[in-house]
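Chains as they are written, first to last, in the working numbering: chain F, 1 to 271; chain G, 1001 to 1307. Contents: one structure, followed by commentary.
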Amino acid sequence: MADWPSVPAGNKGPVPRVDLRLGGVLAFVARNRDVYRKTWKTNFLPPLLEPFLYLLSVGYGVGALVGTLNGASYASFVAPGILAITVMQSAFFETTYGSFVRLVFQRTWDAITATPLSLDDVLVGEMVWGAVKSALNSTLMAVVIAGFGLLPWLAIPAVAVVGFVGGLVFAGLGLAVSARVKSIDGFSFAMYLFITPMMLFAGTFFPLSQLPVGARWAAQLLPLTHVVAILRPLAAGTPLAIPASSAAYLVVVALLAPALAVWMMKRKLQT
Amino acid sequence: MSVPAVVAQGLRKSFGPLVAVDGLDLEIPVGVCFGILGPNGAGKTTTIRMLQAQVAPTAGTLTVLGLDAVRDGRRLKARLGIVPQENNLDPDFSVRQNLLIYARYYHVPRAEAEARADRWLAFTQLTEKKDAAIQELSGGMKRRLILARALLNDPELLVLDEPTTGLDPQARHTVWNAIRQLRRDGKTILLTTHYMDEAEQLCDDLVIVDKGRILERGSPSALIAKHTGSTAVEAVLGWSEDGAKVTNASAALTAAGVPHEKLPDRVIAYGPQAESAVATLGASEVINRRSSLEDVFLRLTGRNLRD
Ligand SMILES: Nc1ncnc2c1ncn2[C@@H]1O[C@H](COP(=O)(O)OP(=O)(O)O)[C@@H](O)[C@H]1O
Ligand SMILES: [Mg+2]
């Protein structure tokens, strides 16, 4: 047996509150990526099909009734809206239902925190993976939308970046919700109270200017509003018109929401 | 001189008002198979989860392989192999993929991981199942695969939480043989169990715990010699509604100063006077047998039902 230096226990300073390593995060992300790759065909299909359905029904169907909005077609107004919804749903689904199944039913987190990975690595890894999925799905969707001529091809890399940053926001919020639910059914509340209203009132299907003044201000608090506000000029080919305030909002919340989620999860799990 | 595998001093863990581990002092040398025995809820799992840096102690100090279990969790976990009480294999991957992906968490390079995976699959007799889905495995196969997984990082200390609970006799013996071989190869092994025969078969040294405290420590044979002597004498008295036969027999044995245990239809007497004392009880049947660790365990932790 090898001899190891004896470390006297105690008085070695405070226990580290944050214990995060890039290598650990990446090893966890790689695990989720490998699961995704096993079923990549079924995973690729929805983000490619969904824009067809949306653009045909809402874009061109409803659009025929609406006419033009600020001189552009209604389809071109809706396209960045459905992109933003995909950014929101991909990451939020991953860190609610996905993470909860791994935590509770599969005990994946327990198996992995028995290795050199820390709980912080696992939590951040879940959220980074959620953001990667948002980036991936919104990029696939952007390709279809560009095919319809509703987004410049050159804007696709920028969509991926917005997908990742926006994905971090919703991954963080999703994991924070996961720290609060008692069972997997608890997520349907979050869907009704949080996701569905945002999907409808964040400037996705109609301009915020249609809302009464108070609601218009309230909509500014919703993260999805700012994802839409960034994607719309990108789709219009006018990236310089992206409001700096929305970009700043997203970046700040992309850091705060994951930090909140880590804090809530650790309080729940580290009894 | 080697550093002990485990040194715990005043180790405590409470969950709110419940004290799960209540001031544990324990030193375990390297190179042994050490057992933690206790009824359900005794605090075995909580103790070893603290030891493997997955649960933070409420108080006390805990040094494992020379490392502080609280502050040096990552370095410590790199040198441990863990078989948890609850199976936690990854159902999204096949048998061999489970090992390859787990090896990544230890940063084992791919080619090396494949070699190790195949070696431990062979060791746990799972080579034929390497491409099977986790859902297709029997309970015993799942436990063996978790054991293979725990060996991927060539751990110095192997921690097994109830490695054979729920397995049939054949599967238990397969796991026991694997543990014996690892012990011969020089690994330090720490296991929890509530099967006394398992502890008697495998452990060089053990503690019996209950309600978060250590009741006794020693080798299985030393504990048997100390608490029950080498033989046990069972006096079968028959059932009676009020239990009077057993109560009377127990009173007689107490008067004669003979240690014993009461069961609904019999008494079990221990020690050198057991045989002569039982002869006076008018039992319908007398069974002389070797006493076991089970007798010691029941004497120390009582016969009340736990869950
Ligand atoms: N995370 C937890 N939260 C609250 N109570 C717990 C938790 N883990 C264990 N306990 C309690 O601590 C006690 C000891 O449990 P455990 O260590 O699992 O015992 P054993 O493994 O010996 O059966 C039990 O009463 C159990 O209910
Ligand atoms: Mg247990």
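We put the beta carbon where it would ideally sit given N, CA and C, even for glycine.
| query | result |
| --- | --- |
| Residues with C-beta closer than 6 Å to any heavy atom of ligand 3, in chain order | Ligands in the displayed structure: ligand 1 and ligand 2; ligand 3 is not one of them. |
| Whether V1236(G) touches S1291(G) by CB criterion (8 Å) | no |
| Inter-stretch contact (C-beta, 8 Å, three-pair minimum) for the stretch 148–156 of chain F and the stretch 224–236 of chain F | yes |
| Proximity test, D1314(G) beta-carbon vs ligand 2 heavy atom, cut-off 7 Å | Shown here, chain G extends from 1001 to 1307; a query on residue 1314(G) therefore has no answer. |
| Chain G contact residues for I112(F), given Cβ-Cβ distances below 7 Å | Y1105 |
| CB contact check: F1015(G) to chain F, cutoff 8 Å | yes |
| Pair within 8 Å by beta-carbon distance, P1259(G) and G1271(G) | yes |
| Below-8 Å beta-carbon distance, I1101(G) vs any chain F residue | yes |
| Straight-line gap, K273(F) to T225(F) (C-alpha atoms, nearest Å) | This structure cannot settle anything about residue 273(F), because the visible part of chain F is limited to 1 through 271. |
| Whole-number beta carbon distance between A84(F) and G172(F), since they are thought to touch under 8 Å | That pair is no contact at about 17 Å. |
| Span of the beta strand (DSSP E), counted from its first residue to its last, around Q1085(G) | Here Q1085(G) belongs to no beta strand (DSSP E), and DSSP marks it neither H nor E. |
| Neighbour flag for G1073(G) against chain F, beta carbons, 8 Å | yes |
| Minimum Cβ-Cβ distance from L69(F) to chain A less than 8 Å | This model lacks chain A altogether, as its protein chains are F and G. |
| Residues in the stretch 1107–1131 of chain G having any Cβ partner in chain F nearer than 9 Å | H1107 |
| With 16 other Cβ atoms within 10 Å as the buried cut-off, status of K1245(G) | buried |
| I1146(G) beta carbon less than 8 Å from that of V1083(G) | yes |
| Q1085(G) CB to nearest heavy atom of ligand 2 below 7 Å | yes |
| Residues within the stretch 107–131 of chain F neighbouring chain G, beta-carbon criterion of under 8 Å | R107, T108, D110, A111, I112, T113, A114, T115, P116, L117, S118 |
| Segments of 4+ residues assigned as alpha helix (DSSP H) that fall wholly inside the stretch 1152–1191 of chain G | 1169–1184 |
| Run of the beta strand (DSSP E) containing I1036(G), from where it starts to where it stops | 1033–1037 |
| Segment contact, 8 Å Cβ cut-off, at least three pairs: the stretch 1185–1199 of chain G with the stretch 1028–1044 of chain G | yes |
| Cβ of K1211(G) within 8 Å of any chain F Cβ | no |
| D1072(G) versus D19(F) - alpha carbon distance | 11 Å |
| Residue environment, K1013(G), which counts as buried when at least 16 other CB atoms sit within 10 Å | buried |
| I325(F) in three-state terms, based on DSSP | This structure cannot settle anything about residue 325(F), because the visible part of chain F is limited to 1 through 271. |
| Under the three-state DSSP convention, the category V7(F) falls into | Low local confidence applies: a pLDDT of 33 at V7(F) is under 50, so the model's placement there is unreliable, and no value is given. |
| Contacts of G23(F) in chain G (Cβ-Cβ under 8 Å) | H1107 |
| is_contact[P1259(G), chain F] using C-beta, thresh 8 Å | no |
| Residues near E1294(G) in its chain [Cβ-Cβ closer than 8 Å; skip 5 each side] | M1196, D1197 |
| Option in G1066(G), L1037(G), V1032(G) with minimal Cα separation from R1184(G) | V1032(G) |
| Strand pairing of N1288(G), partner residues [DSSP] | V1233(G) |
| Sequence-distant residues of its chain with Cβ nearer than 7 Å to T95(F) (five each side left out) | E126, M127, G130, A171, G174, L175, S178 |
| Alpha-carbon spacing of D3(F) relative to L1158(G), whole angstroms | Residue placement at D3(F) is poorly supported in this model, since its pLDDT is 36, which falls under 50; the coordinates still yield a value, given next. Taking the straight line joining both Cα atoms gives about 17 Å. |
| Short CB-CB distance (under 8 Å) between R31(F) and chain G | yes |
| Under 9 Å (Cβ pairs) to chain F, residues found in the stretch 1085–1096 of chain G | E1086, N1087, N1088, L1089, D1090, P1091, D1092, F1093 |
| Test: K1262(G) CB closer than 8 Å to a CB of chain F | no |
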